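A quick write-up on the structure given underneath.
Number of protein chains: 2
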Amino acid sequence: MNPDITRERENATFNVEKLTHILDGGIEKTKRRREIESLVISDPDFQSEDLNFLSRSERYDAAVKKSAQMILKLREYGISDPEEIYCYKSVFRGNHQEALGLHFSMFLPTLYTQCNKEQFKKWVPLAESFKAMGTYAQTELGHGTHLRGLETTATYDPATQEFVLNSPTITSIKWWPGGLGKTSNHAIVLAQLHTQGKCHGLHAFIVPLRSMNTHIPLPGVVVGDIGPKFGFDEVDNGYLKLENVRIPREHMLMKYAKVEADGTYVKPPSAKLTYGTMVFIRSMIVGEAGHALAKSCTIAIRYSSVRHQSEIRPGEPEPQIMDYQTQQYKLFPLLATAYAYKFVGQYMNQVYHRITGDISQGDFSELPELHALSAGLKAFTTWTASEGIEVCRMACGGHGYSRCSALPDIYVNFVATCTYEGENTVMMLQTARFLIKSYQQASAGHQLSGIVSYLNESERRLQPQSVSSRPTVVNVNDLASLVEAYKLRAAKLVEVAAKSIQQELQKRVSQEDAWNNSAIDLVRASNAHCHYVVVKLFAAKLGEIGDTGVHSVLSTLALLYALQGIQQNSGDFLQTGLLSVPQLSQVSQRLKELLAQLRPNAVALVDAFDYCDEMLNSVLGRYDGNVYEHMFEWARRSPLNKTEVHESYHKYLKPLQAKL
Amino acid sequence: MNPDITRERENATFNVEKLTHILDGGIEKTKRRREIESLVISDPDFQSEDLNFLSRSERYDAAVKKSAQMILKLREYGISDPEEIYCYKSVFRGNHQEALGLHFSMFLPTLYTQCNKEQFKKWVPLAESFKAMGTYAQTELGHGTHLRGLETTATYDPATQEFVLNSPTITSIKWWPGGLGKTSNHAIVLAQLHTQGKCHGLHAFIVPLRSMNTHIPLPGVVVGDIGPKFGFDEVDNGYLKLENVRIPREHMLMKYAKVEADGTYVKPPSAKLTYGTMVFIRSMIVGEAGHALAKSCTIAIRYSSVRHQSEIRPGEPEPQIMDYQTQQYKLFPLLATAYAYKFVGQYMNQVYHRITGDISQGDFSELPELHALSAGLKAFTTWTASEGIEVCRMACGGHGYSRCSALPDIYVNFVATCTYEGENTVMMLQTARFLIKSYQQASAGHQLSGIVSYLNESERRLQPQSVSSRPTVVNVNDLASLVEAYKLRAAKLVEVAAKSIQQELQKRVSQEDAWNNSAIDLVRASNAHCHYVVVKLFAAKLGEIGDTGVHSVLSTLALLYALQGIQQNSGDFLQTGLLSVPQLSQVSQRLKELLAQLRPNAVALVDAFDYCDEMLNSVLGRYDGNVYEHMFEWARRSPLNKTEVHESYHKYLKPLQAKL
C-alpha cells in the first residue's frame, strides 16, 4: 500500500462503511452487492486481456463471449432479480458495453409489455432461450428524436395476410440499434403502418433478420455494422435496409393496437401506454451520470493523493497535487456533484416505481411531471457529468490521456448519453414546455402542486424584483436558504422565457416561431429548474442521515455543490437580485474554506463509492495507490511490444534510408 | 450537390474567396497552399483506407509508410520551406498524427540549435538522411511540467571520458516521447548532469537507442511503446529505461554548457537561450486551436444545413436544423471563436518572429511578456477549443458519435494540447505570475508598457468601483467599447487576485502559501486577461480589412464573440460594475439578433476556411452535402462487414443456444 494513500485514509473523520450503506440503500444491499461482485471477480472465465489492446473485431468477439458466459452464469447462480442482474453486469462490463445489451434492455421488455397472449406464448420462450436474439430498431439514418418523421413502412396485404416492410429511401435505413449489425437474428422494427390505403402511424413489428439455423441474413434483409464509433467498440450498432420483406400479420405487436385479417385497423386505448419505458430509461441515465462521475472522481482523487509534482515551498519535497487549491477546485465540486446525482438517481428510481404502480391502476396524473423531470434531468446530469469526466481526466495530467487511466473509456462510453435516448437540447425544451404550461396555468389562477408549485402566482408575487427594492435575505452559509435562492432563480428564469414568448407574439409571429425565437431562454429556464431540483434533493437527503460523522461531511459537500453552482452562474443570481456583490465575494471565500475542509476526507469520500479495482480497471485509480510500477507493467503488455522490431522498420524505414 | 447547401451558398452576402485570402495571409499564399494541397490529394500513394478501420499496429504501420513516402516526396518536389512543409503535412495527416513527427519538430531543431561545430558536422547529416531517427526524451513517468524534478542521471566518468546514463527509479523512466517506442534509433535525453561529485542540473545528451543496422535495442536500453491512448493511435509514444548506458563525452550537446575531458563543468552564458522553442510551440498551438475548431465548425455547420429534423410549424416539412435558435446558439459563437483564434494565431506567429529577431541581436526584453502571453493563450484557447469541438460533435446528434463524422478524431487528437507542452492550469498560473508582478510594479510607481499597460496606477484609478458610484458607459453595440469592458474586467480581476494574496499574507502565511491559497483567483485573472487579448486582437484585425462585404460579416462575428463572452461571464461584468442588469438583457437580445443576421452566411463562413474534403475526412462535413448515401457506403466498408456471419456466432452464440 502506498504510504500517502494510507495516511489519507487515516485522516478521514467519518465512517466510510456507513456512507457506503447509504449509497447502496442499506447494509443488506451492500452485502448482497459485494457477494454478486465477488462472483464475477473470482470467476476465472472473466479474466481477460484489457480490451484496449484488441482490434475492434477482437473486442466484439470478446464481448459476445462474455455475454454468452454471463447468461449461463446467471442461470447457474439463480440470479434473476433485475437489480441484481444490473449489479452483476456492472462488474463484468467494467467501463465497456455488453454485446447483447439491447436483447435485455429493449427486445425482451417490449415483448413482455406489447405482446398479446398468443404472441407472448410464442415469442417470450424463444427470446428467453436466445433462439431469438433481438434488438429494437427505431432510429433511422435520417431520423432520430422526432418519431413522426420515421419513414420505414409496413403495408398490410390482405391477400396473403402479411405485412410488407420497406425502407423506401436512403434516409429510412434503420441505423444505430445495438446488436443489429451481426448479433441479432430478430428485431422489433418501428414502422409506419399502412392498411386499407391509410397510414396509422408508428407501430412495432417482429422482423426475422437472419436464419435461426445458419445466421445468414434472410432475403430482402440488408444488414450490417455501421462502423467504428467514438466508443462502444464492443457493440455492433447496425444498419437495416428492408426490401419487400414479408412477415405474417401476427408479427405486429398487438396487445394494444391491432390489424384484423381483412385489414381493419383497431386503435389502442391510450397513447400514453408506451410512455413508461422511455421515462424509465431516462431516469436510469440520471443514476448512470452519478455512477460515471463517481468512478472518474475515484480515479482522479486517488491519483492526486499519490502524485507529487512541482513545489509550493522552495526546497521542500514536491507536494501531493491534491494540496494545490486549483486541483481541489477542479475535483471536489465534481465529487459533490457525483454524490448529488447518485441521490437524485435514487429518488428518480423511487418515484418511477411509485408512479408505475399508479399507472397500472389507470392513474396517469403524475406522468407528465415525471416525464418532464426525467427529460430535463437526463440532459442536465449527462452534460455536466460528461464535462466533469473530462475535467477529472485532465486533472491527472498527461497520464489521464493514456487508456490505462480508464478515463478515456469512461468518457467515450458515457458521453453518448447526451445524444441518445432523446438529444439533450430537445429534452431541455420538453421540460421547458411543461414549465411554460405550468406557468401559464398558474397565471390563469390554477393552483399548481408538485415540484413546479413555485410557479404559483402567490409565490411569484413574493419574489424579489431587484436588489434595490428589497433587502437581500439569502444566507450563504445555510443550505435551506440556498435551496430557496435556486428556486427563486428558476422561477425568475421561467418568467423571463415566458415573457420572451409573449413579446415575440406581440410582434405578430406565429406561436411556433415565438417558441423557437425564445429557445435560448427556454433552455436556460429548464436548466435552472433542474439545478434547483438537484440542490433540493441533495438537501432533502441530508435529513435522512442519522450518523453524525457522515451527516457532517455530506453537509459540507452539499454546501459546496450549492455554492459552486452559484459562483458558476453568478450572473443569474446577481441579475435576478437574489445575491448582492458583497455576498458573491463571501461565496468565493466560503468555497475556498470548504475545499480546505474537505481535503482530509477526499480519499475516504471516493472510497465510500466502493468501486473495486476490477470495476475501475484504472492503473491511476488503484486502491493501493501503487500507480507507477503498474503503469510500466501495463505498457509492456501493449501489442506493439510483441516484437522488439516492428515490421514497418523493414518495410519502410530501412528502404527509405537506402534511398537517401 | 445537395440543393440545400447550394441555396445556402447562393444566399451569402460576401465574397468567400476574399476571406480565404485574408485567412491565408494574401492571395499568393492561398494559391501556393492549394498547389501543395493538390500535390497530396492527386497522389495515388496517399490514397489509403480510413485509419479508423485498422488495428493500432496497422495504423502505426500505415503512418510509418506515409511518413517515409512524404520524406521522399518533399525532396522530389523540392519543398523545404518550413511553412510549406507544414502545409503539406496538414493535408497528408488529415485528422491524425505523423509517425516521425518528433524527428522534425524536436530532434532536428535541437541539433540545429544546441550542437557545437563538430557535433553539427557529425549529427546533422545523419539526422537529415534519417540514418539517425530521433526523438526528444524529457518527460518521465513521475515528472512532467516541473523540470527540476526530473530524475534521469548522466554521470561523467573521466577515466573513460564517458557519461553513464541511468534511470535510478521507476518514476525516472522516460515516458510519452512520440516515436520513442519503436521508430527512433536515437533520442536526445534530458538528464541531471553529475560531474566531479556535483549536480549541475538538466542537460541534453544524444543517446543511441537501437542498432543503426538491425534496429535492435542496444545493451542497457529498455525501450517500448507505452500502450494505447485516447488518440495518437498512429504514434508509438514510448518508454525508455536506461541501465548504465555509456556514451562518449562528445554526446553531450555542448554549444552552450560544456564538460571538459577532465570533468570540469563550464556554465552556459544565459539560461534564457532554451526558452525560445517552448514559446514557439505554445504559440503554434494557439493557431492549432483555431484550426481544430474551424474544422469542427465546418463539419457541424454544413451538416446542419442539410439535416432536417422535427418541426417548427406543424404540417410543414422538417426544417434544416440550422434554423433552430438553439443550434445557432451552439455553433455560431464557436464559428466566431474559430475566426478569433485563427487571427490570434497569425498575430502570435508575427510577434514570435519579430522577437526572435531581437533575441538573435541579444535583446531579451520582450521575451517575458511573450512567454507569459503564449502560456496563458495556449491554455485559454485549447480549453475552449476542446469544449467547442465536443459541442460541434454533439450538435450533429447521434451521427457525431460515429467515426465517419471525423469529430471524434479531431477531439481526441486536439484535446491532448490541454495537458502537453505545459499543463494548462500551470500555464495559467505562469501568466498570473507575470500579471501580479506587473501589477506590483505598477503599484510601486513603474510605468508599464505593452499589453499589461492597463495595470498602470493611472489607468486603474479611472476604473469603476461599483455601479452606484458611476454611470455605466459601455455601449453593447460598439466593439471598441466592449474591448474596453474586457480590459477593465481583466484589470479588476488582477486586482482581486493581488488583494487575495495580500490578505493571505496578513494572516502571516508564507508567500508561497499565500500564492497557493489565491490560486483560484489567479487563474480567473489570467483567464480574463487572455479573453481581453483575444477580443482586442479580433477587433484590431477588422481594421486591416478593406473589402466591405467581408468587413461587415467579420464585424458581426467579432461582436457576437464579444457579447457571448459577456453573457457567459455575466457575473464578472455585473460584479465589477461594468454592466448593469438592463444592459445584460440588451446583450441577450442583441445576441439573438446577431444569430439571425449570421444565419445566411454560416455556410459561406466555413467554406472560407477552405478545407478540402480530403483534409476533413468527414462524411457529415462533405462540401457537396450528400451525407447519407456516403454514410451508408462508408459503413459497408467496416471490417465487421467482411463476412456475413461473424465467427463469434459459431464460437459462442450457437453453443449457447444449444445449452439453454
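One line per chain: the protein sequences are U and D, in this order.
Take the first sequence: its position 556, counting from 1, is numbered 556 in full-length UniProt numbering, and each next residue is one higher.
Take the second sequence: its position 127, counting from 1, is numbered 127 in full-length UniProt numbering, and each next residue is one higher.
For each residue, glycine too, the CB sits at the ideal point set by N, CA and C.
None of these values were measured; they are calculated from a predicted model.
Checklist entry - Quick one: does U:Ala432 have its CB under 8 Å from some CB of chain D? => result No - not a single Cβ of chain D is within 8 Å of the one on U:Ala432.
Item to check | Meets three-Cβ-pair contact criterion under 8 Å: the region 388-395 of chain D and the region 244-260 of chain D | outcome: Counting Cβ pairs under 8 Å, fewer than three are found: no touch.
Item to check | Sub-8 Å separation of D:Gly220 and D:Leu100 beta-carbons | outcome: For D:Gly220 and D:Leu100, no; Cβs fall outside 8 Å.
Item to check | 8 Å contact criterion, which U:Thr135 and U:Met106 should meet: CB distance rounded | outcome: Indeed, because the Cβ distance is near 7 Å, the residues count as touching under 8 Å.
Checklist entry - Hey, how far is the Cα of D:Asp572 from the Cα of U:Ile566? => result Taking the straight line joining both Cα atoms gives about 13 Å.
Checklist entry - Leaving out the 5 sequence neighbours to the left and right, which residues in its chain are closer than 7 Å to D:Lys295 when beta-carbon positions are compared? => result Counting only Cβ-Cβ distances below 7 Å, and skipping sequence neighbours, we find Ile410, Tyr611 and Leu616.
Checklist entry - Given that U:Phe14 touches chain D, what residues does it touch there, using C-beta distances under 7 Å? => result Within 7 Å Cβ-Cβ: nothing; U:Phe14 doesn't reach chain D, min ~25 Å.
Next on the checklist: Can you confirm whether U:Ala375, when its beta carbon is compared against all beta carbons of chain D, has any partner nearer than 8 Å?
Outcome noted: It does not: the Cβ of U:Ala375 has no partner Cβ on chain D nearer than 8 Å.
Checklist entry - Where does the unbroken beta strand (DSSP E) through D:Gly224 begin, and where does it stop? => result Membership of D:Gly224 in the beta strand (DSSP E) is indicated by the continuous run Val221 to Asp225.
Item to check | Any C-beta of chain D under 8 Å from that of U:His103 | outcome: No, its Cβ sits nowhere closer than 8 Å to a Cβ of chain D.
Next on the checklist: Strictly below 7 Å CB to CB, what residues from chain D border U:Asp236?
Outcome noted: Those within 7 Å of U:Asp236 in chain D are Leu640.
Checklist entry - When the distance is taken between beta carbons, is U:Arg599 closer than 8 Å to U:Met322? => result Their beta carbons are under 8 Å apart, which means U:Met322 touches U:Arg599 by this criterion.
Checklist entry - Does the beta carbon of D:Trp123 come closer than 8 Å to any beta carbon on chain U? => result It does not; no Cβ of chain U falls within 8 Å.
Checklist entry - Who does U:Ala137 pair with in a DSSP beta bridge? => result In the DSSP output, where bridge partners are listed per residue, U:Ala137 has U:Val189.
Item to check | Which of helix, strand or coil DSSP assigns to U:Gln361 | outcome: Shown here, U:Gln361 sits in coil according to DSSP, grouped into three states, outside any helix or strand.
Item to check | U:Glu140 classed as buried or exposed, judged by whether at least 16 other C-beta atoms fall within 10 angstroms | outcome: Buried is the call here.
Checklist entry - In chain D, what lies closer than 7 Å to U:Gln325 by C-beta? => result Within 7 Å Cβ-Cβ: Asn516, Asn517, Ala519 and Ile520.
Next on the checklist: Taking the beta carbon of U:Arg307 as the centre, do at least 16 other beta carbons fall within 10 Å, making it buried, or is it exposed?
Outcome noted: The residue in question, U:Arg307, is buried, as its Cβ has 16 or more Cβ neighbours within 10 Å.
Checklist entry - For D:Thr20, which of D:Lys31, D:Asn11 and D:Gly197 has the nearest alpha-carbon? => result Nearest C-alpha to D:Thr20 among D:Lys31, D:Asn11 and D:Gly197: D:Lys31.
Next on the checklist: Please list, in chain order, the residues of the region 402-428 of chain D that have any C-beta partner in chain U closer than 7 Å.
Outcome noted: Against chain U - using a Cβ distance shorter than 7 Å - the residues of the region 402-428 of chain D are Ser402, Arg403, Cys404, Pro408, Ala416, Cys418, Thr419, Tyr420, Glu423 and Thr425.
Next on the checklist: I'd like to know whether the C-beta of U:His646 is nearer than 8 Å to at least one C-beta of chain D.
Outcome noted: At least one C-beta of chain D is nearer than 8 Å to the C-beta of U:His646.
Item to check | Per-residue DSSP class, three states only, for U:Ser466 | outcome: Summary for U:Ser466: the model assigns pLDDT 44, below 50, so the residue's position carries little reliability, and this model does not support an answer.
Next on the checklist: Let me see if you follow: with CB-CB separation under 8 Å, is D:Gly398 close to chain B or not?
Outcome noted: Among the chains of the structure shown, chain B does not appear; the protein chains present are U and D.
Item to check | First through last residue of the alpha helix (DSSP H) which encompasses U:Glu629 | outcome: Val627 to Arg636 is the span of the alpha helix (DSSP H), which, as asked, contains U:Glu629.
Checklist entry - Contact check, D:Val40 vs D:Tyr88 under 8 Å by CB: the rounded distance? => result Indeed they touch by this definition, with Cβ atoms about 6 Å apart.
Checklist entry - If we cut at 8 Å on Cβ distances, does D:Glu593 have a partner in chain U? => result No, D:Glu593 lies away from the interface with chain U (no Cβ there is under 8 Å from its Cβ).
Next on the checklist: Residues of chain U with CB closer than 7 Å to the CB of D:Phe92, please, in chain order.
Outcome noted: None at all; the shortest Cβ gap to chain U is about 15 Å.
Checklist entry - Thinking just about the alpha-carbon of each residue, which of U:Asp262, U:Met133 and U:Phe163 is nearest to the one in U:Asn213? => result Out of U:Asp262, U:Met133 and U:Phe163, U:Met133 has the C-alpha closest to the C-alpha of U:Asn213.
Next on the checklist: Taking the beta carbon of U:Leu660 as the centre, do at least 16 other beta carbons fall within 10 Å, making it buried, or is it exposed?
Outcome noted: Its Cβ having fewer than 16 others within 10 Å, U:Leu660 is exposed.
Item to check | C-beta contact flag for U:Glu318 and U:Gln309 at 8 Å | outcome: U:Gln309 sits close to U:Glu318, with the two beta carbons spaced by under 8 Å.
Next on the checklist: Quick test of your reading: D:Pro408 and U:Phe53, contact by CB under 8 Å. State the CB separation rounded to the nearest angstrom.
Outcome noted: In this structure D:Pro408 does not touch U:Phe53 by the C-beta definition: roughly 20 Å separates them, more than the 8 Å allowed.
Item to check | Member of U:Thr419, U:Ser211 and U:Val496 whose CA lies at the smallest distance from the CA of U:Phe436 | outcome: Sequence check: residue 436 of chain U is Ile here, not Phe. Of the candidates U:Thr419, U:Ser211 and U:Val496, the one whose C-alpha sits nearest the C-alpha of U:Ile436 is U:Val496.
Item to check | chain U contact for D:Glu318 (CB, 8 Å cutoff) | outcome: Between D:Glu318 and chain U, the shortest Cβ-Cβ separation is below 8 Å.
Checklist entry - If you run the structure through DSSP and keep just helix, strand and coil, what is D:Tyr256? => result Three-state DSSP puts D:Tyr256 in coil, outside helix and strand.
Item to check | Neighbourhood of D:Tyr439 by C-beta, 6 Å cutoff - its chain only, sequence neighbours within 5 removed | outcome: In its chain, beyond the 5 residues on either side, Leu455, Val494 and Ala498 have a beta carbon closer than 6 Å to the beta carbon of D:Tyr439.
Item to check | Exposure label - D:Cys404; buried when at least 16 CB within 10 Å | outcome: Buried, because 16 or more other Cβ atoms sit within 10 Å of the Cβ of D:Cys404.
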